[in-house]
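Residue numbers (the working numbering), protein chains in the order written: chain S, 1 to 110; chain F, 111 to 225. Each residue gets a CB set at the ideal place from its N, CA and C atoms; glycine is no exception. Being a predicted model, the structure only gives us computed values, none of them experimental. Taking it in order: structure first as structure tokens, then the write-up.
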């Protein structure tokens, strides 16, 4: 069974203080690893898909990287509007469902 | 805005009742997925429909059922509701390409409260 573990559960940063969120996974044949952002009471918003180890993707202050066992979401010089819960999910080749981690709740303090 | 719509936004009902949640996928997407998000369990996959047919089932209770109609909108039916069914219910859709990760795009959700 696919498993996703995210750490830390919560992270508070000062505005401009860069950091990384971790997503460790076990999956029987990785079809894709996905990062989503979720604001309170809203639906998850798609950020990135990574397919193979060594791949990197960037969007504004966010960069996602992938190894064979984990993915990192690096946030550079964050702003208060980056505050949200960041979710990691995996999909294997056997089916189309996403298996999600429980997320990292990120708070950026002005 | 993901292009996925869900109604209603909020639903308050009593134990033992039955409710129907509705989802319209993004234009052109054939697959619809339903997920449940509760405080203690995170996002859990319930069921997937592809072009009107059930394709995959997750941890969906027997009291819950879903269908996808010819116009591709989907409904999730929850019956004999219990307090523990209170949660956010999300619908997602994807284009179901034969290559790529098939990103799923989520709707705004329906918050169900069972009293």
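So, at 7 Å on beta carbons, what are the nonlocal neighbours of residue 31 of chain S in its own chain, with the 5 sequence-adjacent residues on each side left out?
Within the same chain, Cβ atoms closer than 7 Å to the Cβ of residue 31 of chain S are found at 91, 92, 93, the five residues on either side in sequence being excluded.
Separation of residue 134 of chain F from residue 44 of chain S, as counted between CA atoms
16 Å
Could you confirm whether any beta carbon from chain S is found closer than 8 Å to the beta carbon of residue 194 of chain F?
Taking a beta-carbon distance threshold of 8 Å, residue 194 of chain F does not count as an interface residue toward chain S.
Consider the Cβ of residue 218 of chain F: report whether some Cβ of chain S lies at a distance smaller than 8 Å.
Taking Cβ atoms only, chain S reaches closer than 8 Å to residue 218 of chain F, which makes this a yes.
Would you mind telling me which residues of chain F sit closer than 7 Å to residue 95 of chain S, beta carbon to beta carbon, in chain order?
166
Going along the chain, which residues of its own chain have a beta-carbon closer than 7 Å to the beta-carbon of residue 53 of chain S, five neighbours each way excluded?
66, 67, 68.
DSSP on residue 84 of chain F, reduced to helix/strand/coil?
In the structure as shown, chain F starts at 111 and stops at 225, and residue 84 of chain F therefore has no counterpart that could be examined.
Counting only Cβ pairs nearer than 8 Å, list the residues of chain S close to residue 112 of chain F.
What residue 112 of chain F touches in chain S: 43, 45, 46.
Select from S:73, S:50, S:51 the residue whose C-alpha is nearest the C-alpha of residue 114 of chain S.
Since the displayed chain S opens at 1 and closes at 110, residue 114 of chain S lies outside it and no answer follows.
Taking the beta strand (DSSP E) that residue 65 of chain S falls in, what are its first and last residues?
62-66
Can you name, in chain order, every residue of its own chain whose Cβ lies under 6 Å from the Cβ of residue 131 of chain F, other than the five neighbours on each side?
186, 199, 220
Suppose the cutoff is 7 Å on Cβ atoms and the five residues either side in sequence are ignored; what does the same chain contact list for residue 39 of chain S look like?
84
Going by alpha carbons, who is nearest to residue 108 of chain S out of S:19, S:48, S:7, S:47?
S:19
Check whether chain F comes within 8 Å of residue 87 of chain S, counting only Cβ atoms and requiring the distance to be less than that.
yes
Just checking: is the beta-carbon of residue 175 of chain F within a distance shorter than 8 Å of some beta-carbon in chain S?
Not one chain S Cβ lies under 8 Å of residue 175 of chain F.
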